[in-house]
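Enquirer:
Residue numbers (our numbering): 102 to 435.
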């Protein structure tokens with residue numbers, strides 16, 4: 102058994118790994134970007150997208166309006182992360198309307214996939230999957246929110262505004278990773294959208310994350326993860342297990358090593374290094390599958406992408422159509 106002192110150093114090392122994981126999005130291949138934006142004005146400025154300080158509140162094709170988590174002001178970005186306006190929401194929306202007319206942008210329609218990233222990550226983590234889904238004819242929207250600066254409930258408020266802005270889109274699918282799944286489940290406490298058809302949950306700690314239990318009082322972890330980090334715990338201080346089950350069709354894709362102890366010997370059972378396979382399971386799932394991959398990289402795994410696209414298209418992960426559903430528990434009325 103580890104002594105307290107040795108265990109403390111282990112936790113510091115683990116927290117440092119969490120910090121390094123925050124740079125994982127930089128490993129994702131970025132989309133090709135022109136040296137200049139498609140349109141220019143007095144307020145045009147190149148940005149990094151503000152992944153940890155801004156939350157998306159409005160989408161139109163590749164354009165987005167974001168709110169700053171600290172100052173509460175807004176800005177308008179194009180699909181290459183160039184800023185074209187800043188100020189109030191109405192001012193940014195008016196500027197977007199100008200570009201709609203100038204660029205003759207058509208109304209949105211058809212089917213869309215909205216990606217919701219996990220804590221310390223960004224929509225860039227879905228880069229490879231986004232390209233595949235666009236090739237399949239889907240509109241794609243990467244929902245960014247300041248995951249390390251706000252609570253899960255506050256993230257759900259940003260999500261509510263963003264999903265409500267998809268005017269003209271007739272069918273919505275969700276692909277969520279890690280804490281992103283809990284953001285959507287929290288949103289479902291008070292909201293829903295009848296256009297949502299299916300959701301794929303990737304590495305989501307549906308009953309809480311054992312790593313959060315171990316690290317939530319660690320100073321490095323608290324600094325990196327912010328207020329949402331402690332909410333990922335499995336005990337009474339966490340909220341995952343108390344969130345509603347999605348009312349629409351959903352499936353679960355978990356990372357695993359395929360062994361008894363998984364990648365991480367410090368958490369029980371098979372795991373993806375961060376989240377245990379058992380904790381991803383949620384009653385009512387239409388299908389369940391695992392891929393051999395670490396938590397931060399599942400979204401770029403070729404098998405995971407194939408499974409995701411197939412489920413969104415057919416409601417099944419596997420090509421033979423055989424589901425591995427997780428049934429709902431029996432009630433007294435059944």
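Glycine included, C-beta positions come from ideal geometry on N, C-alpha and C. Keep in mind that this is a model prediction, so the values were computed, not measured.
Short of 8 Å in beta carbon distance, which residues of its chain neighbour residue 384, apart from the five on each side in sequence? Order them along the chain.
Expert: Along the chain shown, read from residue 1 onward, the residue named residue 384 stands at position 283. Same-chain partners within the cutoff: 346, 427, 428, 429, 430.
Enquirer: Indicate whether the contact test is met: 3 or more Cβ pairs, each with one atom in the region 286–293 and one in the region 240–259, closer than 8 Å.
Expert: The region 286–293, when compared against the region 240–259, does touch it at the 8 Å Cβ threshold.
Enquirer: Excluding the five sequence neighbours on either side, which residues of its own chain have a C-beta within less than 6 Å of the C-beta of residue 353, listed in chain order?
Expert: Within the chain shown, the letter at position 252 stands for residue 353. These residues qualify, in order along the chain: 302, 381, 386, 389.
Enquirer: Does the beta-carbon of residue 141 have 16 or more other beta-carbons within 10 angstroms, so that it is buried, or is it exposed?
Expert: To locate residue 141, count along the chain shown from 1; it is residue 40. The residue is exposed, with fewer than 16 neighbouring Cβ atoms inside 10 Å.
Enquirer: Any idea which residues DSSP pairs residue 169 with across the strands?
Expert: Taking the chain shown and counting its residues from 1, the one referred to as residue 169 is at position 68. Answer by DSSP bridge pairing, in chain order: 155.
Enquirer: Residue 124 by DSSP, collapsed to three states: which one?
Expert: Residue 124 sits at position 23 when you count from the first residue of the chain shown. Any reading at residue 124 must be qualified, since the residue scores a pLDDT of 49, below 50, and its modelled position is unreliable; the value itself is stated next. Coil, per DSSP.
Enquirer: From the DSSP output, in three-state form, read off residue 185 for me.
Expert: On the chain shown, position 84 is the one that residue 185 refers to. Reduced to three states, the DSSP call for residue 185 is strand.
Enquirer: Find the nearest neighbour of residue 189 within the set 216, 278, 158, 282, judged by alpha-carbon distance.
Expert: Taking the chain shown and counting its residues from 1, one reaches residue 189 at position 88. The option with the nearest alpha carbon to residue 189 is 158.
Enquirer: Using CA coordinates, which residue listed in 375, 193, 417 is at the minimum distance from residue 330?
Expert: Along the chain shown, one-based indexing puts residue 330 at 229. Measuring from the Cα of residue 330, the nearest candidate turns out to be 375.
Enquirer: Which ranges would you report for the alpha helix (DSSP H) in the region 337–419 if only whole runs of at least 4 residues count?
Expert: Listed in chain order, they are 378–381, 403–415.
Enquirer: Between 185, 178, 271, 364, which has its C-alpha nearest residue 243's C-alpha?
Expert: Within the chain shown, residue 243 is the residue found at index 142, counting from 1. Comparing Cα positions, the closest option is 178.
Enquirer: Can you round the beta-carbon distance between residue 356 and residue 399 to whole angstroms, since I take them to be within the 8 Å contact cut?
Expert: Counting from 1 along the chain shown, the entry for residue 356 is found at position 255. Counting from 1 along the chain shown, the entry for residue 399 is found at position 298. That belief holds up - the Cβ atoms of residue 356 and residue 399 are roughly 5 Å apart, short of 8 Å.
Enquirer: Any contact between the region 164–176 and the region 186–206? By contact I mean 3 or more CB pairs, one from each, below 8 Å.
Expert: At 8 Å Cβ cutoff, the stretches touch.
Enquirer: Check for me: the alpha helix (DSSP H) holding residue 228 runs from which residue to which?
Expert: In the chain shown, residue 228 corresponds to position 127, counting from 1. Per DSSP, residue 228 belongs to the alpha helix (DSSP H) from 228–236.
Enquirer: Measuring only the C-alpha atoms, how far is residue 231 from residue 241?
Expert: For the purposes of this step, residue 231 is identified with residue 130 of the chain shown, where counting begins at 1. For the purposes of this step, residue 241 is identified with residue 140 of the chain shown, where counting begins at 1. Cα to Cα, residue 231 sits roughly 7 Å from residue 241.
Enquirer: If we count the other Cβ atoms within 10 Å of its Cβ and call it buried at 16 or more, is residue 420 buried or exposed?
Expert: Taking the chain shown and counting its residues from 1, one reaches residue 420 at position 319. When all chains shown are included, residue 420 counts as exposed.
Enquirer: Taking the alpha helix (DSSP H) that residue 264 belongs to, which residues open and close that run?
Expert: Taking the first residue of the chain shown as position 1, residue 264 is located at position 163. Here the alpha helix (DSSP H) through residue 264 covers 253–265.
Enquirer: Identify whether residue 213 lies in helix, strand or coil by the three-state DSSP scheme.
Expert: As a working note, residue 213 is residue 112 in the chain shown. Strand, per DSSP.
Enquirer: Looking only at its own chain, which residues have a Cβ that is under 7 Å from the Cβ of residue 196, when we skip the five neighbours before and after it?
Expert: As a first step, residue 196 is located in the chain shown; it is residue number 95 there, counting from the start. Cβ within range, chain order: 177, 185, 186.
Enquirer: In the DSSP assignment, what residue or residues form a beta bridge with residue 244?
Expert: As a first step, residue 244 is located in the chain shown; it is residue number 143 there, counting from the start. According to DSSP, residue 244 bridges with 217.
Enquirer: I'd like the list of long-range same chain contacts for residue 418, defined as Cβ closer than 7 Å, with 5 residues on each side in sequence excluded.
Expert: By one-based count along the chain shown, residue 418 stands at place 317. Once the five neighbours on either side are set aside, the close Cβ partners of residue 418 are 352, 388, 390, 408, 411, 412.
Enquirer: For residue 299, report the span of its alpha helix (DSSP H) as first-last.
Expert: Position 198 of the chain shown, counted from the start, is the residue given in the question as residue 299. Not the alpha helix (DSSP H): residue 299 falls in the beta strand (DSSP E), residues 297–303.
Enquirer: Looking at the ligand FAD, does it come within less than 6 Å of residue 321, judged from the CB to the closest heavy atom?
Expert: Ligands displayed in this structure: none; no statement on the ligand FAD is therefore possible.
Enquirer: Using a Cβ-Cβ cut-off of 7 Å (strictly less than) and excluding sequence neighbours within five positions of residue 112, which residues of its own chain qualify?
Expert: Numbered from 1 along the chain shown, position 11 holds the residue referred to as residue 112. At residue 112 the pLDDT is 48, less than 50, meaning the model places this residue with poor confidence; the figure from the coordinates comes in the next sentence. 315, 316, 319.
Enquirer: So which of 267, 279, 308, 322 has the shortest CA-CA distance to residue 295?
Expert: Against the chain shown, residue 295 aligns to sequence position 194. Closest by alpha carbon: 267.
Enquirer: Using DSSP with H/G/I as helix, E/B as strand and the rest coil, what is residue 276?
Expert: In the chain shown, counting from the first residue as 1, residue 276 sits at position 175. Correct three-state label for residue 276: strand.
Enquirer: Exposed or buried, residue 332, counting other C-beta atoms within 10 Å across all chains shown (16 or more means buried)?
Expert: What you label residue 332 is simply residue 231 of the chain shown in a count that begins at 1. By the 10 Å Cβ count, residue 332 comes out buried.
Enquirer: State the Cα-Cα distance for the pair residue 344 and residue 415, rounded to the nearest angstrom.
Expert: Counted from its first residue, the chain shown places residue 344 at position 243. Counted from its first residue, the chain shown places residue 415 at position 314. Looking at the two C-alpha atoms, the distance is approximately 27 Å.
Enquirer: Tell me where the beta strand (DSSP E) around residue 315 begins and ends.
Expert: Residue 315 sits at position 214 when you count from the first residue of the chain shown. No beta strand (DSSP E) holds residue 315; the alpha helix (DSSP H) holding it covers 311–316.
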